[in-house]
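Last residue of the sequence shown? That's 362 in my numbering, and every number before it is there in order.
In what follows, a single structure is set out as structure tokens and then discussed.
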Amino acid sequence: MSIVIVAITRKGAELARHLAAVLPDGSVHLPEKCRADDGCHYFSRPLAEELPDLFGRAERLVCVMATGIVVRLLAPHLRGKAFDPGVVVLDEAGRFAISLLSGHLGGANRLAEEVAAHLGGQAVVTTATDVNNLPAWDQVARDEGLDVEPVAHLRTLNRLLLEGETIALVDRQGLIADQFVGVPGVVRYRSYADAMQSDAPGRVFVTHRYLPHMENRTGMLAIRPKDLVLGIGCNRGTPADEIESAVKDALQQAFLAFASVGTVATIDAKQDEAGLSAFARKHKLPVLYFSAEELNGVDGPTPPSEHALKAVGAKGVCEPAAILAAGGGSLLIRKQKIGNVALAVAEFRMTSK
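Structure, rendered in structure tokens:
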């Protein structure tokens, strides 16, 4: 579910139905007393059970009710900004759309602004970077479809931003750098080495490279482009955990970040491979399937595999699949066979949105 809209009164239900009509992928959940023949979802259990359940499944949540109700019902279920969906609270008159939880990473700030714009109301956003008209690292990353790690370091980097302290930014592809031009304290560096040699208290790297010791340096943040494509072949019945272990081992050896994996690619004969599907589903990765004919049209560096030709009719799977899915991008990891898994990694060249 993308955006879940919950209301508990008849007046709130009308507002929720209106919002669902103007918000993409919006679904409405209402108590039975508000039932109508309108395609909304209706619940009969207590709100104290329904709301936490929706909170655990939604990407973003709009609650048309009092802020106090939402706080009391969701407080025991909060896990952290890296996991919680964005939550917006809206009064039933549509006057105020309050960004309550996960304003940046969860998208609540943007959603509050969108809801307020549709209703002619006022968005209430209280995050410090927003009220000071500064581009928060996590908000910029979300807007560009990038990941952030470690999330715990965001507090330090956003504080340094607010205080105008020096932050060394390395963004070789120029994915976010333009948004920080003119921001006090943010200085762009050409390389990891240059930034690390500087005396800047903060350092931000836009890269798919693994950064050693980053977890222990609270002034360091990695913003991860989703530009790594996993080409995967596996024996029939290979479990998801074996695939994940092989992928992480190969990436670690090549100093590549798992958080930058954006796509999985394989042969169409693997569409019913349960372990591969489960691995992709767990990490919310799209899977691209190619025919043997398409794969055979790509020449990878590894010689043709007699086993693959006999099994699926392709000269190879992991390398050509990765190259095709990356739009002809370069291979960063050539074919590796780890247990029942054969994998390769290609780089998809990204540009700023």
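Cβ coordinates follow ideal geometry from the N, Cα and C atoms, glycine included.
Suppose contacts are defined by Cβ-Cβ distances below 8 Å. Is L297 in contact with A274 by that definition? Translated into positions along the sequence shown, residue 297 becomes position 288. Translated into positions along the sequence shown, residue 274 becomes position 265. Less than 8 Å separates the beta-carbon of L297 from that of A274.
Taking just the CA atoms, how far does T311 sit from A145? For the purposes of this step, residue 145 is taken as residue 136 along the sequence shown, with counting starting at 1. For the purposes of this step, residue 311 is taken as residue 302 along the sequence shown, with counting starting at 1. When rounded, the distance between both Cα atoms is 44 Å.
Alpha carbon to alpha carbon, what distance is there between R197 and D187? Translated into positions along the sequence shown, residue 187 becomes position 178. Translated into positions along the sequence shown, residue 197 becomes position 188. Those two C-alpha atoms are separated by around 10 Å.
In or out: A29 buried (at least 16 other Cβ within 10 Å) or exposed? For the purposes of this step, residue 29 is identified with residue 20 of the sequence shown, where counting begins at 1. Classification for A29: buried.
Among residues of its own chain, excluding the 5 on either side of A289, which ones have a beta-carbon nearer than 6 Å to its beta-carbon? As a working mapping, residue 289 is identified with position 280 in the sequence shown. Here the set comprises V273 and V296.
Should the stretch 197 to 209 be regarded as contacting the stretch 253 to 267, the criterion being three or more beta carbon pairs within less than 8 Å? Counting C-beta pairs closer than 8 Å gives fewer than three between the stretch 197 to 209 and the stretch 253 to 267, which falls short of the contact rule.
So who's on the other strand from C72, going by DSSP bridges? In the sequence shown, counting from the first residue as 1, residue 72 sits at position 63. C72 pairs with V15 and V98.
If we count the other Cβ atoms within 10 Å of its Cβ and call it buried at 16 or more, is T138 buried or exposed? As a position in the sequence shown, residue 138 is number 129, starting the count at 1. Answer is buried; the Cβ neighbour count reaches 16.
Can you check whether the CB of G240 is closer than 8 Å to the CB of A323? Within the sequence shown, residue 323 is the residue found at index 314, counting from 1. Within the sequence shown, residue 240 is the residue found at index 231, counting from 1. It is not a contact, given that the beta carbons lie outside the stated cut-off.
Measure the Cβ-Cβ separation of L333 and V354 and say whether it is below 8 Å. Taking the first residue of the sequence shown as 1, we reach residue 333 at position 324. Taking the first residue of the sequence shown as 1, we reach residue 354 at position 345. Contact flag unset, no.
Express the C-alpha separation of L83 and L128 in angstroms, rounding to a whole number. Sequence index remark: in the sequence shown, residue 128 carries index 119 (1-based). Sequence index remark: in the sequence shown, residue 83 carries index 74 (1-based). One C-alpha to the other measures close to 25 Å.
Among S108, V350 and H162, which has the Cα closest to the Cα of E224? Numbered from 1 along the sequence shown, position 215 holds the residue referred to as residue 224. Minimum Cα distance to E224 is reached at H162.
List the residues that DSSP assigns as beta-bridge partners of I342. Walking along the sequence shown from the start, residue 342 turns up at place 333. In the DSSP output, where bridge partners are listed per residue, I342 has V354.
Hey, out of R245, A266 and D258, whose CA is closest to R218's CA? One-based indexing of the sequence shown puts residue 218 at position 209. Minimum Cα-Cα distance from R218 among the listed residues R245, A266 and D258 corresponds to A266.
For R1, I'd like the list of residues in its chain whose CB is within less than 7 Å of its CB, leaving aside the five on either flank, ordered along the chain. The question about residue 1 has no answer here: the residues shown for the chain are numbered 10 through 362.
Using DSSP with H/G/I as helix, E/B as strand and the rest coil, what is V215? Position 206 of the sequence shown, counting from 1, holds the residue named residue 215. Looking at V215 - three-state DSSP - the assignment turns out to be strand.
Exposed or buried, what is A16 when buried is set at 16 or more other beta-carbons lying within 10 Å of its beta-carbon? Position 7 of the sequence shown, counted from the start, is the residue given in the question as residue 16. Answer is buried; the Cβ neighbour count reaches 16.
Distance between N167 and S314 (C-alpha atoms, nearest Å): In the sequence shown, the residue the question calls residue 314 occupies position 305. In the sequence shown, the residue the question calls residue 167 occupies position 158. The straight-line gap from Cα to Cα measures roughly 50 Å.
Going by DSSP in three states, L197 sits in which element: helix, strand or coil? One-based indexing of the sequence shown puts residue 197 at position 188. Correcting the residue type first, residue 197 is Arg in the shown sequence and not Leu. Three-state DSSP puts R197 in a strand.
What does DSSP give as the partner residue(s) for V157 in the beta ladder? The residue you call residue 157 lines up with position 148 of the sequence shown. DSSP output for V157 lists I232 as bridge partner(s).
Going straight from the alpha carbon of G338 to that of E328, what length do you get? In the sequence shown, residue 338 corresponds to position 329, counting from 1. In the sequence shown, residue 328 corresponds to position 319, counting from 1. Taking the straight line from one Cα to the other gives about 11 Å.
Who does S254 pair with in a DSSP beta bridge? Translated into the one-based positions of the sequence shown, residue 254 becomes position 245. Per DSSP, none; premise fails for S254.
Terminal residues of the continuous alpha helix (DSSP H) containing Q148? In the sequence shown, residue 148 corresponds to position 139, counting from 1. Segment W146 to D152, the alpha helix (DSSP H) holding Q148.
So the candidates are A202, E59 and L110; which of them puts its Cα closest to the Cα of T136? Sequence index remark: in the sequence shown, residue 136 carries index 127 (1-based). The shortest C-alpha separation from T136 is found at L110.
Determine the burial state of K344: buried for a count of at least 16 other Cβ atoms within 10 Å of its Cβ, exposed for fewer. Here residue 344 is taken as the residue at index 335 of the sequence shown, counted from 1. Buried.
Segment limits, beta strand (DSSP E) that includes V270: Numbered from its first residue, the sequence shown carries residue 270 at position 261. Per DSSP, the continuous beta strand (DSSP E) segment holding V270 begins and ends at V270 to I276.
Backbone secondary structure at P40 - three-state DSSP: Looking up residue 40 in the sequence shown gives position 31. P40: strand per DSSP, three-state reduction.
What is the DSSP secondary structure of A323, counted as helix, strand or coil? Taking the sequence shown and counting its residues from 1, the one referred to as residue 323 is at position 314. In the structure shown, A323 sits in coil (DSSP, three-state: anything other than H, G, I, E or B).
Run through DSSP, which three-state label would H113 get? Position 104 of the sequence shown, counting from 1, holds the residue named residue 113. Residue state for H113 is assigned as coil, using DSSP reduced to three classes.
Note down the Cα distance separating E215 from Y51, rounded to an integer number of angstroms. In the sequence shown, residue 215 corresponds to position 206, counting from 1. In the sequence shown, residue 51 corresponds to position 42, counting from 1. Per the sequence shown, residue 215 should be read as Val rather than Glu. Cα to Cα, V215 sits roughly 44 Å from Y51.
Pull up the DSSP beta-bridge partners for H50, would you. Against the sequence shown, residue 50 aligns to sequence position 41. Its beta-bridge partners are H38.
Using C-beta distances below 6 Å, list every residue in its chain close to A132, excluding the 5 sequence neighbours before and after it, in chain order. Along the sequence shown, one-based indexing puts residue 132 at 123. The residues are A106, A121, E122 and A125.
In this structure, does DSSP put A132 in helix, strand or coil? Residue numbering aside, residue 132 sits at position 123 when the sequence shown is read from its first letter. In the structure shown, A132 sits in a strand (DSSP, three-state: E or B).
G95 beta carbon less than 8 Å from that of R69: Residue numbering aside, residue 69 sits at position 60 when the sequence shown is read from its first letter. Residue numbering aside, residue 95 sits at position 86 when the sequence shown is read from its first letter. A contact, by the Cβ cut-off of 8 Å.
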